[in-house]
Structures are given as structure tokens and as C-alpha cells.
Amino acid sequence: MYVVRNSSRALFAALVPLAVVHAALLAMAVLTTQTVPAQAIMPPPDKLVFPYAGRLALDVVLLFAGHSVLRQFKICNRVAYALIGGVMAATSYLLAMRNGLLLFPPPPGSEITAGLLPTAAGMLAGFLYGQFAGLEAIAATPQPAATEIAASPPRVFDGPVRVRSSVGAIAIAVTVPAALSAVLAFMVLALLGPAGPDSIITAALPAQVFLTVLIATTVPSAILLLAVHHIARAFGRSRGGEYAAIGSLVAAGCAVLLTPIISGMIVLLLPAALVNGAIMGALYRRFAGIEPVPLPEVVIATDAQALVGADHPSRRQHGVILSS
5 MYVVRNSSRA LFAALVPLAV VHAALLAMAV LTTQTVPAQA IMPPPDKLVF PYAGRLALDV
65 VLLFAGHSVL RQFKICNRVA YALIGGVMAA TSYLLAMRNG LLLFPPPPGS EITAGLLPTA
125 AGMLAGFLYG QFAGLEAIAA TPQPAATEIA ASPPRVFDGP VRVRSSVGAI AIAVTVPAAL
185 SAVLAFMVLA LLGPAGPDSI ITAALPAQVF LTVLIATTVP SAILLLAVHH IARAFGRSRG
245 GEYAAIGSLV AAGCAVLLTP IISGMIVLLL PAALVNGAIM GALYRRFAGI EPVPLPEVVI
305 ATDAQALVGA DHPSRRQHGV ILSS
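5 is the number of the first residue of the sequence shown in my numbering; add one for each residue after it.
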């Protein structure tokens with residue numbers, strides 16, 4: 005029997021989506037202090053850092069608590085870790101809202117809506133922890149004496165394998181266009197943006213770009229990834245480089261199909277599609293994993309005489325019944 009290991013490295017990797025979402029939401033909230041008229045007062049730096057760090061610390065504690073619960077029940081499924089991550093992120097959001105850890109509380113009537121994005125980030129964090137931590141064997145029964153232990157060969161599998169269909173891997177890969185767009189916006193604004201108080205826009209606008217592009221491209225990117233995955237399966241490809249190449253070609257093909265609509269932007273859209281498609285395909289392959297090729301489906305037969313091969317003479321000849 006196996007359980008997910010305790011791993012600080014995996015816990016750090018799981019915090020990345022939570023840290024990104026909290027930072028994006030915080031930057032969007034700070035942007036409200038720059039509107040005319042201002043919707044909020046700009047808080048001092050300490051009041052920006054401590055609530056942010058407190059939210060992350062609360063997420064860490066609750067995520068590890070959920071991991072400990074799953075270990076107690078000997079559950080190592082990544083779907084279960086994604087669900088427990090979403091539950092823990094929602095709990096963290098509720099505790100932060102009740103205890104004043106939210107720098108800018110959501111307006112009345114939008115408390116549930118404001119918690120959807122942190123909950124989705126928590127599900128992704130739980131999935132990442134289950135992915136990176138790895139498994140370890142636990143003894144289900146007391147170990148026999150040393151003289152009775154027989155040397156058994158390790159379990160190996162040399163049969164055909166294929167890349168798994170994974171919702172979690174798709175959820176990770178679809179964030180690539182939003183992340184690259186946010187990084188590009190930040191680089192441009194850092195070079196051209198103003199300094200001083202107006203530099204808040206330099207941090208807030210990339211966060212807005214990230215959330216906007218993420219919402220706009222999630223469904224199209226998921227459809228593209230499914231196409232890439234099934235094309236790679238059809239051609240028997242399972243390497244990360246092959247998935248990256250197929251993703252790049254499929255994304256470029258989609259960009260070319262959009263030429264009649266956005267003919268003037270194809271020069272910018274095509275390189276972006278090539279890069280995004282390659283990274284998305286490689287990320288999907290990295291997180292999806294492999295599985296054995298399933299056995300053929302069981303045949304349900306009502307006539308034993310029909311169970312003959314495709315080249316059997318009875319498949320090409322017809323019996324004759326002479327009727328008077």
C-alpha cells in the first residue's frame with residue numbers, strides 16, 4: 005500500500021499558484037487606490053506585506069493538514085489531493101475574511117464569487133503537491149522475521165504505455181498564455197512605465213492582464229490541448245519534445261485559420277502561438293504521466309458460430325438453404 009510522502013519541495017511547488025493568485029488579487033485591489041475618485045486609501049507597505057504573508061502561511065498549514073488527513077486514510081489519488089486543496093483554500097479564504105486578513109474585503113453580495121479564484125488555485129496546489137511529492141510504501145501487516153523475508157524482484161512493466169488524459173495537467177498548461185502575457189506586459193511597463201506613485205500601474209496592469217487572458221483563453225486552450233493529446237496518441241508519440249512540437253504546429257494552424265479575421269495581426273499572433281503551443285504541450289506531457297494501454301473490450305456474443313477470424317472462409321461464403 006502506498007501514501008504520498010511528506011515533502012517540503014513539493015509543498016513549495018504547490019504554493020506557487022496560490023502565491024500568484026494572491027499577488028494578482030492584491031495588485032488589482034491596490035489599483036483601486038489610483039482611480040479618480042479613489043475607491044480606497046493606499047495602505048502602508050507593512051499592511052500590504054503582512055496580510056499577504058499571513059494568507060500564504062494559512063494556506064500552507066491547511067494544505068499540510070489536508071495532506072496529513074489523506075495519509076491517515078491511505079489515499080494517494082491526485083484527484084483527491086486536488087479536491088482537498090480546493091477545500092483547504094476555501095477554508096483559508098473564509099478564515100481570512102472573518103479574521104481581517106483580507107486587505108480589501110469584497111463588497112457585500114460578492115463574497116462567494118471572490119473566493120472562486122483562490123479555490124481554483126488551491127485545487128491546482130493540491131494537485132501539484134500530489135504530483136511532486138511522490139509515493140512511499142507503507143507496511144500493511146507486521147513484517148516477518150529477517151530469516152523469513154524472501155528476496156522478491158521489483159515490480160516492472162514492459163508492456164505498451166500511453167500518455168494519460170489528465171484534467172489537472174490541462175489546468176496547469178492552460179495558464180501558460182496568461183502567464184506569458186503578464187510577463188510581457190510587466191517587462192514593457194517596467195521599461196516604459198513611469199516611476200513614483202504611478203508605478204503602481206506597473207504592478208497592477210500585469211495582474212489585470214493575467215486574470216483577463218486567463219479567463220478568455222482557458223476554454224480555447226483546453227480544447228487545443230485535447231487536440232494535441234489525441235493527435236499525439238494517434239501517432240503513438242509520448243515524449244515531451246514530440247508533444248511540444250505537435251502543440252506548436254496545432255497552435256500555429258489555429259492562428260493561420262484566424263487569418264481572415266485578424267489578418268493584420270498574424271505577424272504577431274503566429275510567433276506567440278508557436279511559443280505558447282510548444283510550452284503547453286510540453287507542460288501537459290510533464291504533468292500527465294503515462295498509463296498502460298487498456299486491453300481490448302470484451303466481446304458480447306450470442307452466436308458461437310460468429311466467433312471466427314476476419315480471414316475465415318465463412319466470412320466470404322454464404323450458406324445456402326434450398327426451399328421447396
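Note that CB positions come from ideal geometry on N, CA and C, so glycine has one too.
Rounded distance between the beta-carbons of residue j and residue i, thought under 8 angstroms
{"i": "I283", "j": "V217", "result": "That belief does not hold up - the Cβ atoms of I283 and V217 are roughly 14 angstroms apart, past 8 angstroms."}
{"i": "G163", "j": "G126", "result": "Rounded, the Cβ-Cβ distance is 36 angstroms, inconsistent with contact."}
{"i": "L67", "j": "A129", "result": "6 angstroms"}
{"i": "V254", "j": "V271", "result": "The pair is not a contact, with the Cβ atoms about 20 angstroms apart (cut-off 8 angstroms)."}
{"i": "L193", "j": "P210", "result": "7 angstroms"}
{"i": "V7", "j": "I176", "result": "In fact, because the Cβ distance is near 23 angstroms, the residues do not count as touching under 8 angstroms."}
{"i": "A236", "j": "Y247", "result": "6 angstroms"}
{"i": "L2", "j": "A84", "result": "In the structure as shown, the chain begins at 5 and stops at 328. Residue 2 is therefore absent and cannot be evaluated."}
{"i": "L11", "j": "D63", "result": "Just to set this straight, residue 11 is Ser in the shown sequence, not Leu. Not really, about 16 angstroms apart at Cβ, beyond 8 angstroms."}
{"i": "L107", "j": "L228", "result": "About 36 angstroms; that fails the 8 angstroms criterion."}
Residues near residue i by beta carbon distance below 6 angstroms, same chain, minus five either side
{"i": "A14", "result": "Y133, F136, A137"}
{"i": "R168", "result": "A292, G293, E295"}
{"i": "D307", "result": "none"}
{"i": "S170", "result": "A292"}
{"i": "P21", "result": "A125, L128, A129"}
{"i": "P110", "result": "A118"}
{"i": "A199", "result": "Caution is warranted here: a pLDDT of 49 is assigned to A199, below 50, making its placement in the model unreliable, and the coordinate value is therefore given only provisionally. Excluding sequence neighbours, A199 sits near nothing in its chain."}
{"i": "F190", "result": "P210"}
{"i": "S327", "result": "none"}
DSSP bridge partner residues for residue i (one or two, in chain order)
{"i": "R75", "result": "Beta-bridge pairing links R75 to no other residue."}
{"i": "E140", "result": "V7"}
{"i": "F295", "result": "Reading off the sequence, residue 295 comes out as Glu, not Phe. E295 is bridged to R166."}
Reference residue i; option with closest CA among the options
{"i": "L121", "options": "F16, A277, A27", "result": "A27"}
{"i": "N280", "options": "V303, M269, S242, T221", "result": "T221"}
{"i": "V160", "options": "L99, L262, P296, D315", "result": "P296"}
{"i": "L19", "options": "A61, F54, T37", "result": "A61"}
{"i": "R241", "options": "L272, A226, I294", "result": "I294"}
{"i": "G70", "options": "A57, L87, P55, G58", "result": "L87"}
{"i": "G251", "options": "I45, Y85, L278, R9", "result": "L278"}
{"i": "I174", "options": "L287, V312, V64, N81", "result": "L287"}
{"i": "A182", "options": "V25, G313, P317, L98", "result": "V25"}
{"i": "P48", "options": "V34, P300, S72", "result": "V34"}
{"i": "R243", "options": "R166, M101, T36, F16", "result": "R166"}
{"i": "R9", "options": "S225, L139, I45", "result": "L139"}
{"i": "F16", "options": "I45, F54, V65", "result": "V65"}
{"i": "A23", "options": "T123, N81, H234, Q76", "result": "T123"}
{"i": "A100", "options": "F54, G313, N81, R320", "result": "F54"}
{"i": "I116", "options": "A94, L105, N81", "result": "A94"}
{"i": "V178", "options": "V213, Q212, P224", "result": "P224"}
{"i": "Q76", "options": "P298, M5, T37", "result": "M5"}
{"i": "G245", "options": "D50, R289, D315, I79", "result": "R289"}
{"i": "M32", "options": "K78, S267, M92, L215", "result": "L215"}
Cβ shell of residue i (< 8 angstroms), same chain only, five flanking positions each side left out
{"i": "N103", "result": "none"}
{"i": "A256", "result": "L274, A277, L278, G281"}
{"i": "A249", "result": "A282, G285"}
{"i": "A305", "result": "L311"}
{"i": "V187", "result": "P210"}
{"i": "I325", "result": "none"}
{"i": "L105", "result": "P55, G58, R59, L62, L99"}
{"i": "E301", "result": "none"}
{"i": "M92", "result": "D63, L66, L67, A69, G70, G126, G130"}
{"i": "C80", "result": "Y6, V7, V8, L74, G134, L139"}
{"i": "D315", "result": "none"}
Close Cβ partners of residue i (< 7 angstroms) along its chain, the five nearest in sequence each way excluded
{"i": "E152", "result": "Since pLDDT at E152 reaches only 49, below the 50 mark, its modelled position is unreliable, and the value read off the structure follows with that caveat. Cβ within range, chain order: n/a, list empty."}
{"i": "G113", "result": "none"}
{"i": "S318", "result": "V312"}
{"i": "G172", "result": "R82, A86, F131, F291"}
{"i": "V213", "result": "S185, A186, A189"}
{"i": "I45", "result": "T37"}
{"i": "A226", "result": "I174, V178"}
Any non-hydrogen atom of the ligand PLP within 8 angstroms of residue i CB
{"i": "V53", "result": "This structure does not include the ligand PLP; it has no bound ligands of any sort."}
Test: residue i CB closer than 9 angstroms to a CB of chain D
{"i": "S252", "result": "Looking for chain D here will not work: only one protein chain is present."}
Requested in this report: Pick out the complete alpha helix (DSSP H) segments inside the stretch 255 to 296, 4 residues or longer, and give them in chain order.
Outcome: As far as the stretch 255 to 296 is concerned, its whole alpha helix (DSSP H) runs of at least 4 residues are 270 to 292.
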